[in-house]
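Enquirer: The structure under discussion is supplied below as structure tokens; questions concerning it will follow.
Numbering (my numbering), first residue to last: 538 to 904.
Next up, the structure:
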């Protein structure tokens, strides 16, 4: 985050000083510096490390934004050796470490939490190391910069099997305590939601189609699990659960239901039909079970060339191939031409909800 110097910051941080220089998070000739003089506090200007050295009479210290521990910065003195400093992680991953420490040996939940923390630390340390090497050590003003700290490089984390991570996060997300909820939010922030059983919020109108009505009828009351943090503020709403997918739901005051789409369906019964509803897509399998379609990215849409129709066509293709396949993402390979043409052009005149059988979907795929 950029912090530009101004008159109020000058008064707060350097009362009685002639000027204030702030090292920004971006780079110009070395790390960018913005300064303001007490004689003209409203006139902010950029300066260089070589000019700053001439004013100070010595190289000024540089602390990478990920290494700015306040106690170490205030204790720094000119000529001090460069410190090896652990990177600062924001938000604090402490809840993940606490959860892992409280789990029994061999716990998949502990393995999932520790994998995320280790990956965050390793990635941030490597990124910090590369930025210092490229933008500080390699800049023309390096002789005027005292690099106060470099990242402490952790041991590269060992890979953890995907099935272990999925099982671990499933266990964490099924809990109803505050620590598990904190870990769920951290995992979502740091990109581990791809291992969740579900992470994409969907709004369902039970009156929009028979499939939605049938799905809503099987929801049952449930404790508020950590996975429910994806839903709207549910503090005052009853939490429900789909007993077939274990996905949480909450009925809003307007009668609509906020839920989470699963990333994959818990069935081996092949796809029999697909219904494109209003703001939701439904899958009926050959054993007559109805599921909210698996989803990981943005919503499924149709009638134009874009990410939503692309994802819908790819969803149809992967479920026709194997009902247990995970939901496609927007960056996946282009779907079969016949399905892409249908979702982008062929269905333009249709009005949701409408249903296509497996045979109809196969015919589109095989065009």
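Even glycine gets a Cβ: it sits at the ideal position worked out from N, Cα and C.
All values reported here derive from a predicted model rather than from experimental measurement.
Identify, in the order they occur along the chain, each residue of the same chain with its Cβ nearer than 7 Å to the Cβ of residue 813, setting aside the five sequence neighbours on each side.
Expert: Correct list, in chain order: 839, 889, 890 and 891.
Enquirer: Check whether the Cβ atoms of residue 581 and residue 571 sit closer than 8 Å, and answer yes or no.
Expert: Against a cut-off of 8 Å, the Cβ pair of residue 571 and residue 581 comes out as a contact.
Enquirer: Give the secondary structure of residue 892 by DSSP, where H, G and I count as helix, E and B as strand, and everything else as coil.
Expert: The answer is strand: DSSP assigns residue 892 an E or B state.
Enquirer: Thinking just about the alpha-carbon of each residue, which of 895, 650, 689 and 681 is nearest to the one in residue 662?
Expert: Here the closest residue by C-alpha is 689.
Enquirer: So what's residue 812 in DSSP terms, helix, strand or just coil?
Expert: Residue 812: strand per DSSP, three-state reduction.
Enquirer: Check whether the Cβ atoms of residue 516 and residue 784 lie closer than 8 Å to each other.
Expert: Nothing about residue 516 can be read from this structure; the chain reaches only from 538 to 904.
Enquirer: What three-state label does DSSP hand residue 819 in the structure shown?
Expert: Note: residue 819 maps to strand in three-state DSSP.
Enquirer: Does the segment 630-647 come into contact with the segment 612-620, if we say contact requires no fewer than three beta-carbon pairs (one atom in each stretch) closer than 8 Å?
Expert: Verdict: no, contact absent.
Enquirer: Within the segment 833-904, note down every full alpha helix (DSSP H) run reaching 4 residues or more, in order along the chain.
Expert: Here the runs fully enclosed are 844-858, 874-878 and 895-902.
Enquirer: Helix, strand or coil for residue 701 per DSSP?
Expert: Residue state, collapsed to three classes: helix.
Enquirer: Is DSSP giving residue 624 helix, strand or coil here?
Expert: DSSP places residue 624 in coil when its eight states are reduced to three.
Enquirer: Use the C-beta contact count for residue 795: other C-beta atoms within 10 angstroms, 16 or more gives buried, fewer gives exposed.
Expert: Buried, since its Cβ has 16 or more Cβ neighbours within 10 Å.
Enquirer: Between the C-alpha atoms of residue 827 and residue 623, what's the straight-line distance to the nearest angstrom?
Expert: The alpha-carbon atoms of residue 827 and residue 623 are separated by roughly 50 Å.
Enquirer: Would DSSP call residue 566 helix, strand or coil?
Expert: Correct three-state label for residue 566: coil.
Enquirer: Return helix, strand or coil for residue 590, following the three-state DSSP convention.
Expert: Three-state result, residue 590: helix.
Enquirer: Applying the 10 Å Cβ sphere with the 16-neighbour rule, what's the burial state of residue 835?
Expert: Looking at its Cβ environment, which holds fewer than 16 other Cβ atoms inside 10 Å, residue 835 is exposed.
Enquirer: Residue 757: buried (16+ other C-beta within 10 angstroms of its C-beta) or exposed?
Expert: Flag for residue 757 reads exposed.
Enquirer: Looking only at DSSP bridge pairs, what is residue 788 linked to?
Expert: The partner list for residue 788 (beta bridge, DSSP) reads 794.
Enquirer: DSSP three-state label for residue 687, please.
Expert: It is a strand residue.
Enquirer: Secondary structure at residue 757, three-state DSSP: helix, strand or coil?
Expert: In this structure, residue 757 counts as strand in the three-state DSSP scheme.
Enquirer: Go through its chain and collect everything with a Cβ distance to residue 604's Cβ below 6 Å, but skip five positions before and after it.
Expert: Closer than 6 Å at the Cβ level, and outside the excluded window around residue 604, lie 622 and 686.
Enquirer: Is the number of C-beta pairs between the segment 544-561 and the segment 637-646 that are closer than 8 Å three or more?
Expert: Counting Cβ pairs under 8 Å, fewer than three are found: no touch.
Enquirer: In angstroms with no decimal places, state the Cα-to-Cα distance between residue 747 and residue 870.
Expert: Cα-Cα distance, rounded: 32 Å.
Enquirer: By Cβ distance below 6 Å, which residues in the same chain neighbour residue 731 in space, the five residues on each side in sequence not counted?
Expert: So no residue of the chain qualifies.
Enquirer: Just list the residues that DSSP pairs residue 824 with in beta bridges.
Expert: DSSP lists no partner for residue 824.
Enquirer: Just how far apart, CA to CA, sit residue 778 and residue 734?
Expert: Using only the alpha carbons, I get a separation of about 13 Å.
Enquirer: The beta strand (DSSP E) spanning residue 583 covers which residue range?
Expert: It spans 577-584 - the beta strand (DSSP E) in which residue 583 sits, taken as one unbroken run.
Enquirer: Would you mind working out which of 724, 706 and 753 sits nearest residue 817, comparing C-alpha positions?
Expert: Per the Cα distances, 753.
Enquirer: Going by CA-CA distance only, name the one from 893, 649 and 885 that's closest to residue 819.
Expert: Comparing Cα-Cα distances from residue 819 to each of 893, 649 and 885, the minimum goes to 893.
Enquirer: For the alpha helix (DSSP H) that contains residue 715, what are its first and last residues?
Expert: That run of the alpha helix (DSSP H) goes 715-726.
Enquirer: Using beta-carbon positions only, say whether residue 534 and residue 741 come within less than 8 Å of one another.
Expert: Only positions 538 to 904 of the chain appear in this structure, which leaves residue 534 out of reach.
Enquirer: On the DSSP bridge list, what partners appear for residue 805?
Expert: According to DSSP, which records beta bridges pairwise, residue 805 is partnered with nothing at all.
Enquirer: Just checking my contact of residue 802 with residue 860 at CB under 8 Å: how many whole Å lie between their CB atoms?
Expert: About 6 Å separates the two Cβ atoms, so the contact holds.
Enquirer: What is the DSSP secondary structure of residue 603, reduced to helix, strand or coil?
Expert: Helix, per DSSP.
Enquirer: Answer yes or no: do residue 904 and residue 874 have a C-beta to C-beta separation smaller than 8 Å?
Expert: Yes, they are a contact pair.
Enquirer: Excluding the 5 residues preceding and the 5 following residue 651 in the sequence, name in chain order all residues of the same chain whose CB lies nearer than 6 Å to its CB.
Expert: Only 637 meet the Cβ criterion.
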